[in-house]
Structures are given as structure tokens and as C-alpha cells.
Amino acid sequence: MTEPASDLSTSARKAICDALNQCVAETAVTTMLAQNFHWNVTGMAFGPLHAQFQEIYEDHFTAQDDLAERIKALQGHAEGMLESMLKRSKVEEHDGHADDKTMIAALVKAQETLSASLAGAGELAAKSGDTVTEDLCIDRGRTHDKFAWLLRAHIQ
Ligand SMILES: [Fe+2]
């Protein structure tokens, strides 16, 4: 049964917001990762990779806002400090000194991590009947799975 945000218990909202903050953090770190690679990628595939990385960071920039605003709809606190995001995130930063294949592999891993975190957040939301958050997580999971495929296809 679908529970509107206002009917969710305080503890359910807290747990869902924590899971969503994890997703916001990892989305933000991956946004920067993709932009870093957009700037620093080199090689014969520069053009398409430069464009592909841009598509990813633009998508993620919008997504982190959607996820954070869902936290606000659940009356939680959207954690917006880079320091805390980095501490939380299972996606790691990269210094941008790498060949194109290494960059792609790092972004595939980031997409898979995001997909897993969003699946976890979606399941948690579903348990409390928060199907609106579940829907957002499923939608984001689909996008990350697609990006993982688009990236992976370059290096298989
Ligand atoms: Fe650019």
C-alpha cells in the first residue's frame, strides 16, 4: 500500500533519508568524477568520450537535486557538504591522471555502486510503503545500469 510522505513514521523517514543521503553523496562524487574525466581524457576516442562523460555528469547533476529534494519532501536534512559526501561515498574520487580505459573502468564501477545503493534505498522505502521514493530509486537505477552498459561496451 502506498503511504504518503506525511503518513510515514519518523523512524521510517529517518532511515529512508539516510539511504537517500548516501545516494546523493555517491551521485555527487560521480558527477565530479565524470566531469574530471571529461576534462582530462585523451586519446583517439577523445571526441565521443568527452561527450559521453558530459552526458553523465549533466544527468547526475540533475539527479542529485531530485534525490536531495525527495529528502526534503520527507522532512529530512539533505547533506550538502562535500567533505561529508566524500566520507560517506563508496564511489571514490580520482585525480584524473589515467588513460581512457582506466577512466571508463572507474566510471563503470561508480555506476554499479550507485545502482546498488539506489536498489537498497528503494527496497527500504518499499518496506515502509514509500512507493514515491521507491519509484525515484528504480528510475535512477535504470539510468545507472544503462550508463554502466554504455561505458562497459568500450572496454569489453
Ligand atoms: Fe565541457
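Quick note on the numbering used here: the sequence shown kicks off at 1 and runs consecutively. We put the CB at the ideal spot given by N, CA and C, even for glycine.
With DSSP as the reference, label Glu-92 as helix, strand or coil. By one-based count along the sequence shown, residue 92 stands at place 92. Glu-92 falls in the coil class under three-state DSSP.
Review point. Just to confirm, are Leu-20 and Ala-121 a CB contact at a threshold of 7 Å?
Key: Counting from one through the sequence shown, the residue named residue 20 turns up at place 20. Counting from one through the sequence shown, the residue named residue 121 turns up at place 121. Yes; because the gap between Cβ atoms is below 7 Å, this pair is in contact.
| request: Within the same chain, show all residues whose beta-carbon is closer than 8 Å to that of His-50, passing over the 5 residues directly before and after it, in chain order. | output: Start at 1 with the first residue of the sequence shown, and residue 50 comes out as number 50. Taking C-beta separations shorter than 8 Å and ignoring five residues to either side along the sequence, the partners of His-50 in its chain run His-38, Val-41, following chain order.
ask   = From this set, Gly-141, Met-85, Gly-129, which residue's C-alpha is nearest Thr-112's C-alpha?
value = Counted from its first residue, the sequence shown places residue 112 at position 112. Strictly speaking, residue 112 in this sequence is Glu, with Thr absent from that position. For the residues Gly-141, Met-85, Gly-129, the minimum Cα distance to Glu-112 belongs to Gly-141.
Can the beta-carbon of Gln-22 be found closer than 7 Å to that of Ser-117? Mapped onto the sequence shown, residue 22 falls at position 22. Mapped onto the sequence shown, residue 117 falls at position 117. Yes, these two residues count as a Cβ contact at 7 Å.
Heavy atoms of ligand 1 versus C-beta positions, residues under 6 Å = Answer in sequence order: His-38, Gln-54.
Problem - Distance between Thr-143 and Ala-153 (C-alpha atoms, nearest Å) - result: As a working note, residue 153 is residue 153 in the sequence shown. As a working note, residue 143 is residue 143 in the sequence shown. For Ala-153 and Thr-143, the distance between alpha carbons rounds to 16 Å.
**Prompt:** Leaving out the 5 sequence neighbours to the left and right, which residues in its chain are closer than 6 Å to Ala-125 when beta-carbon positions are compared?
**Reply:** For this step, residue 125 is matched to residue 125 along the sequence shown. Within the same chain, Ala-125 has close Cβ partners Ile-16, Thr-133, Glu-134.
- Query: Rounded to a whole number of angstroms, what is the C-alpha to C-alpha distance between Ser-60 and Ser-89?
  - Reply: As a position in the sequence shown, residue 60 is number 60, starting the count at 1. As a position in the sequence shown, residue 89 is number 89, starting the count at 1. The question names Ser, yet the displayed sequence has His at residue 60. His-60 and Ser-89: Cα-Cα distance of roughly 15 Å.
Measuring straight from C-alpha to C-alpha, what distance separates Thr-131 and Met-44? Position 131 of the sequence shown holds residue 131. Position 44 of the sequence shown holds residue 44. The straight-line gap from Cα to Cα measures roughly 45 Å.
Check your understanding: How long is the line joining the alpha carbons of Leu-74 and Val-24, rounded to whole angstroms?
Key -> Here residue 74 corresponds to residue number 74 of the sequence shown, with the count starting at 1. Here residue 24 corresponds to residue number 24 of the sequence shown, with the count starting at 1. Leu-74 and Val-24 have their alpha carbons spaced roughly 15 Å apart.
**Asked** In whole angstroms, what separates the C-alpha of His-77 from that of Ala-12?
**Response** Start at 1 with the first residue of the sequence shown, and residue 77 comes out as number 77. Start at 1 with the first residue of the sequence shown, and residue 12 comes out as number 12. Cα to Cα, His-77 sits roughly 14 Å from Ala-12.
ask   = Short check: CB of Ala-28 to CB of Met-103, under 7 Å?
value = Taking the first residue of the sequence shown as position 1, residue 28 is located at position 28. Taking the first residue of the sequence shown as position 1, residue 103 is located at position 103. No, the pair does not count as a contact, with Cβ atoms beyond the cut-off.
task = Measure the C-alpha to C-alpha separation of Ala-105 and Glu-26 and round it to an integer number of angstroms.
result = For the purposes of this step, residue 105 is taken as residue 105 along the sequence shown, with counting starting at 1. For the purposes of this step, residue 26 is taken as residue 26 along the sequence shown, with counting starting at 1. Taking the CA atoms as reference points, Ala-105 sits about 16 Å from Glu-26.
Burial state of Phe-46, where buried means 16 or more other Cβ atoms lie within 10 Å
The residue labelled residue 46 in the question sits at position 46 within the sequence shown. Its Cβ having fewer than 16 others within 10 Å, Phe-46 is exposed.
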